[in-house]
Amino acid sequence: MSVPSSRPPSTFPSRSGTPHLRDVVHEVMRQFRHEKESEAHQIFRQQAGHQPKGVLPQTINPEEETVPGIEHPGSTGVIYCSDRAIANGFNYANSHEWANLGQGAPEVGPLPNAPPRPDSIPMPIDSLEYAPTTGVKALREAVADLYNHTYRQGKPSQYTYENVCIVPGGRAGLSRVAAVVGDVYCSYQIPDYTAYDQVLSAFKRLVPVPTALDPKDKYRLDIEQTKKDIRTQGLAVIIASNPRNPTGQVIAGKDLKDLVALSRESTTLILDEFYSWYIYPEHERDYGKSVSSAEYVEDVNTDSVIIIDGLTKNWRLPGWRVCWVMGPKNLITALSQSGSFLDGGANHPMQLAAIPFLEPSRVAQEKLALQKHFKAKRDHVLKRLHDLHLDVDIPPQATFYIWLNLEKLPSPLNNGLTFFEELLKEKTIVIPGIFFDINPAHRRNLFNSPCHHFVRLSFGPPLEDLDKGLDAIERVVKAARKEGTRNFGHSYKKSLEKVPEQI
């Protein structure tokens with residue numbers, strides 16, 4: 002008579018009873034809880050500039066720091082993800098084979114009912130000279146006029162060209178502003194735009210003070226708490242994106258008015274408004290509207306509100322590198338000085354070419370076409386994610402990003418870095434959420450980051466590219482649910498050296 006076995010049934014698929022060592026290893030890997038146990042996280046930490054800072058006395062990594070006095074600042078999310086994609090075979094000759102849902106740029110081609118796209122740039126002889134570090138006066142005037150027309154009709158205080166500085170990109174604008182800020186406490190939010198991490202790391206006079214936004218409150222910035230922080234912590238600067246990258250939320254109406262009012266209480270607001278047109282209304286009558294703190298500024302020269310925007314996102318011209326910083330006149334003179342040693346100014350011919358694009362009637366047409374087109378893409382992506390049982394906790398009201406929570410997926414796919422690495426195998430790029438955890442010292446165990454279980458999906462690309470990427474997500478998710486996850490979380494290509502022919 003056989004005696005029934007008291008051994009519990011095996012949880013491993015290879016055979017009943019004693020499991021294969023391979024299965025045991027894969028099961029352990031599947032349950033990792035610390036970054037040192039995760040291959041994807043170790044690849045991230047090995048990148049130059051991604052090691053924790055300030056915890057132990059610093060030593061020199063001879064493979065990373067070979068020039069005396071030079072230190073890697075760490076890469077932004079898009080750069081890191083592009084490098085990892087190249088290690089997995091991506092190159093710009095075969096980019097059509099990939100789906101880039103990580104890109105921080107909108108599609109640049111024609112849209113239905115939008116003005117025609119530029120196809121040539123005039124080059125007058127004078128434009129071959131340097132432009133002023135504050136920009137071409139005619140373009141500065143066009144920017145000021147557009148803001149007055151859109152947000153300041155009937156207000157006694159109006160912007161002029163003296164309130165505008167043209168810069169070669171949004172990061173250049175941030176860098177110019179950071180270079181003229183004194184030794185102050187600077188408030189920032191988590192999650193937010195990845196470049197703030199590098200700015201707060203590089204410009205040591207800014208002392209970073211974080212505020213973690215609560216998903217239970219839809220990542221809303223608590224204005225009353227911010228007022229208390231100003232009084233109790235001595236905050237002198239607040240930096241934020243609005244609309245918010247990566248969550249797709251927006252500060253508008255009374256909340257935005259109250260936020261701007263803080264600028265009259267000895268606090269400077271630096272507001273990144275690059276997605277100000279990407280607003281998705283529920284009612285037809287609200288199409289064509291946009292959002293800006295400029296609407297609530299009382300005096301353009303005394304309210305300490307700094308607005309950074311440009312042609313990159315709203316006009317869908319990221320390659321032009323023509324952007325602007327707006328604020329009080331004395332700020333602009335300071336930015337002229339910092340620009341003289343930081344970047345030297347924006348491209349002269351492109352500045353001249355940009356002027357007609359700011360004509361208000363053309364802007365109105367562009368804005369309306371953009372909102373309808375991108376809202377349709379947003380809704381399409383949300384529906385496909387819903388069909389995969391990956392409903393978005395807080396759907397985006399603005400921007401062209403979706404902040405996707407992976408916690409419902411089985412481990413290890415439920416963290417952003419591993420999910421990202423698995424999608425690279427499917428020729429698809431997303432951005433892991435940890436890049437939006439503004440953590441200048443890089444000290445946190447990545448598993449403890451509030452952004453660890455997220456990825457940012459961009460619906461900036463054309464619809465066919467979105468579907469290609471969503472098909473890849475579907476393949477990965479269905480494979481994990483049907484076959485288990487022992488094939489996930491490992492076997493990643495480590496570096497560019499693995500595919501030298503692709504460089």
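Using our numbering, the first residue of the sequence shown is number 2, and each one after it goes up by one. All C-beta atoms in this analysis are idealised placements derived from N, C-alpha and C, irrespective of residue type, glycine included.
query: Given that a residue counts as buried once 16 or more other Cβ atoms are within 10 Å of its Cβ, and exposed if not, what is Val144?
result: As a first step, residue 144 is located in the sequence shown; it is residue number 143 there, counting from the start. Buried is the call here.
message: Beta-carbon within less than 6 Å of Asn488's beta-carbon, same chain only, minus the 5 sequence neighbours each way: which residues are those?
response: In the sequence shown, the residue the question calls residue 488 occupies position 487. Same-chain partners within the cutoff: there are none.
query: In chain order, what residues of the same chain have a beta carbon less than 7 Å from the beta carbon of Glu163, not counting five sequence neighbours either side?
result: Along the sequence shown, one-based indexing puts residue 163 at 162. Result list for Glu163: Lys330 and Ile333, in chain order.
query: Between the C-alpha atoms of Gly320 and Ile271, what's the straight-line distance to the nearest angstrom?
result: Along the sequence shown, one-based indexing puts residue 320 at 319. Along the sequence shown, one-based indexing puts residue 271 at 270. Spanning the two alpha carbons is a distance of roughly 24 Å.
task: With DSSP collapsed to three states, give me the class of Asp392.
output: On the sequence shown, position 391 is the one that residue 392 refers to. It is coil, neither helix nor strand.
query: With distances taken from CA atoms, which of Phe45, Asn114 and Pro116 is nearest Arg85?
result: Translated into the one-based positions of the sequence shown, residue 85 becomes position 84. Arg85 has its Cα closest to that of Phe45, out of Phe45, Asn114 and Pro116.
task: Sort out for me which residues DSSP pairs Ala100 with in a bridge.
output: As a first step, residue 100 is located in the sequence shown; it is residue number 99 there, counting from the start. DSSP, once it has assigned bridges, lists Thr429 as partnering Ala100.
- request: Work out the CA separation of Ile403 and Asp380 for me, nearest whole Å.
  value: Indexing the sequence shown from 1 puts residue 380 at position 379. Indexing the sequence shown from 1 puts residue 403 at position 402. Cα-Cα distance, rounded: 11 Å.
- request: Mind reading off the beta-carbon distance from Gly510 to Ala100? Whole number of angstroms is fine, and I expect it under 8 Å.
  value: There is simply no residue 510 to check, as the chain begins at 2 and stops at 504 in what is shown.
message: To the nearest angstrom, how far is the alpha carbon of Lys255 from that of Asp466?
response: As a working mapping, residue 255 is identified with position 254 in the sequence shown. As a working mapping, residue 466 is identified with position 465 in the sequence shown. Cα-Cα distance, rounded: 38 Å.
query: Considering only the beta carbon of each residue, do Thr195 and Gly78 sit closer than 8 Å?
result: On the sequence shown, residue 195 is found 194 positions in, with the first residue counted as 1. On the sequence shown, residue 78 is found 77 positions in, with the first residue counted as 1. Cβ distance < 8 Å, so Thr195 and Gly78 count as in contact.
query: In three-state DSSP terms, what is Tyr186?
result: To locate residue 186, count along the sequence shown from 1; it is residue 185. Residue state, collapsed to three classes: strand.
field: Close Cβ partners of Ala370 (< 6 Å) along its chain, the five nearest in sequence each way excluded
entry: As a first step, residue 370 is located in the sequence shown; it is residue number 369 there, counting from the start. Closer than 6 Å at Cβ, skipping near neighbours: Leu112, Asn114 and Ala115.
message: Can you tell me whether Asn440 is helix, strand or coil according to DSSP?
response: Here residue 440 corresponds to residue number 439 of the sequence shown, with the count starting at 1. In the structure shown, Asn440 sits in coil (DSSP, three-state: anything other than H, G, I, E or B).
Cβ shell of Pro123 (< 8 Å), same chain only, five flanking positions each side left out: The sequence position of residue 123 within the sequence shown is 122, counting from 1. Contacts found: Pro350, Leu353 and Ala354.
- prompt: So what's Phe455 in DSSP terms, helix, strand or just coil?
  reply: Reading the sequence shown from its first residue, position 454 is the one you call residue 455. In this structure, Phe455 counts as strand in the three-state DSSP scheme.
- prompt: Counting pairs of beta carbons, one from the segment 190-208 and one from the segment 428-441, are three or more of them closer than 8 Å?
  reply: yes
- prompt: What first and last residue would you give for the beta strand (DSSP E) that runs through Ser568?
  reply: A question about residue 568 goes unanswered here, because the residues of the chain that appear run from 2 up to 504.
query: Tyr493 by DSSP, collapsed to three states: which one?
result: Indexing the sequence shown from 1 puts residue 493 at position 492. Tyr493 falls in the coil class under three-state DSSP.
message: With three or more beta-carbon pairs closer than 8 Å as the criterion, would you say the segment 81-97 touches the segment 293-305?
response: no
- request: Decide if Ser267 is buried, meaning its Cβ has at least 16 other Cβ atoms within 10 Å, or exposed.
  value: Numbered from its first residue, the sequence shown carries residue 267 at position 266. Flag for Ser267 reads exposed.
field: Cβ contact check for the segment 382-402 and the segment 246-264: 3 or more pairs under 8 Å
entry: yes
- request: Whole angstroms is fine: what's the gap from Leu405's alpha carbon to Glu484's?
  value: Counting from 1 along the sequence shown, the entry for residue 405 is found at position 404. Counting from 1 along the sequence shown, the entry for residue 484 is found at position 483. Spanning the two alpha carbons is a distance of roughly 23 Å.
message: In the DSSP assignment, the alpha helix (DSSP H) including Tyr93 goes from what residue to what residue?
response: Within the sequence shown, numbered from 1, the residue matching residue 93 stands at position 92. Tyr93 -> no alpha helix (DSSP H), and no H or E assigned at all.
- prompt: Measuring CA to CA, which of Val200, Gln234 and Gly171 is closest to Ala179?
  reply: Stepping through the sequence shown from its first residue, residue 179 is reached at position 178. Residue Val200 is the option with its Cα nearest to Ala179.
- request: Please report the residue range of the alpha helix (DSSP H) in which Gly477 lies.
  value: Walking along the sequence shown from the start, residue 477 turns up at place 476. At residue 477 the sequence reads Val, which differs from the Gly that was named. Here the alpha helix (DSSP H) through Val477 covers Leu464 to Glu484.
query: How long is the line joining the alpha carbons of Phe358 and Ser341, rounded to whole angstroms?
result: Position 357 of the sequence shown holds residue 358. Position 340 of the sequence shown holds residue 341. Computed Cα separation, rounded: 27 Å.
message: Helix, strand or coil for Asn513? Go by DSSP, reduced to three states.
response: The displayed coordinates of the chain run from 2 to 504. Any statement about residue 513 would go beyond what the structure contains.
field: Supposed close pair Thr419, Ala139 - CB separation, criterion 8 Å
entry: Within the sequence shown, numbered from 1, the residue matching residue 419 stands at position 418. Within the sequence shown, numbered from 1, the residue matching residue 139 stands at position 138. At roughly 51 Å, the Cβ-Cβ gap does not stay under 8 Å, so Thr419 and Ala139 are not in contact.
- prompt: By a C-beta neighbour count over all protein chains shown, 10 Å radius and 16 as the cutoff for buried, is Ser294 buried or exposed?
  reply: Indexing the sequence shown from 1 puts residue 294 at position 293. Answer is buried; the Cβ neighbour count reaches 16.
field: Meets three-Cβ-pair contact criterion under 8 Å: the segment 233-249 and the segment 421-431
entry: no
message: Can you find the residues in the same chain that come closer than 8 Å, C-beta to C-beta, to Asp304, ignoring five residues on each side of it along the sequence?
response: Reading the sequence shown from its first residue, position 303 is the one you call residue 304. Answer for Asp304: Val261, Ser264, Arg265, Val298 and Pro329, listed in chain order.
message: Less than 8 Å between the beta carbons of Pro462 and Leu102, yes or no?
response: As a first step, residue 462 must be located in the sequence shown, where it is residue number 461. As a first step, residue 102 must be located in the sequence shown, where it is residue number 101. In this structure, Leu102 lies closer than 8 Å to Pro462 by Cβ.
query: Helix or strand or just coil, what does DSSP make of Ile309?
result: Here residue 309 refers to the residue found at position 308 of the sequence shown. In this structure, Ile309 counts as strand in the three-state DSSP scheme.
query: Rounded to a whole number of angstroms, what is the C-alpha to C-alpha distance between Leu175 and Lys368?
result: The sequence position of residue 175 within the sequence shown is 174, counting from 1. The sequence position of residue 368 within the sequence shown is 367, counting from 1. Each residue's Cα considered, the two are about 25 Å apart.
query: Can you pull the DSSP bridge partners for Asp273?
result: Here residue 273 corresponds to residue number 272 of the sequence shown, with the count starting at 1. Beta-bridge pairing links Asp273 to Ser242 and Ile309.
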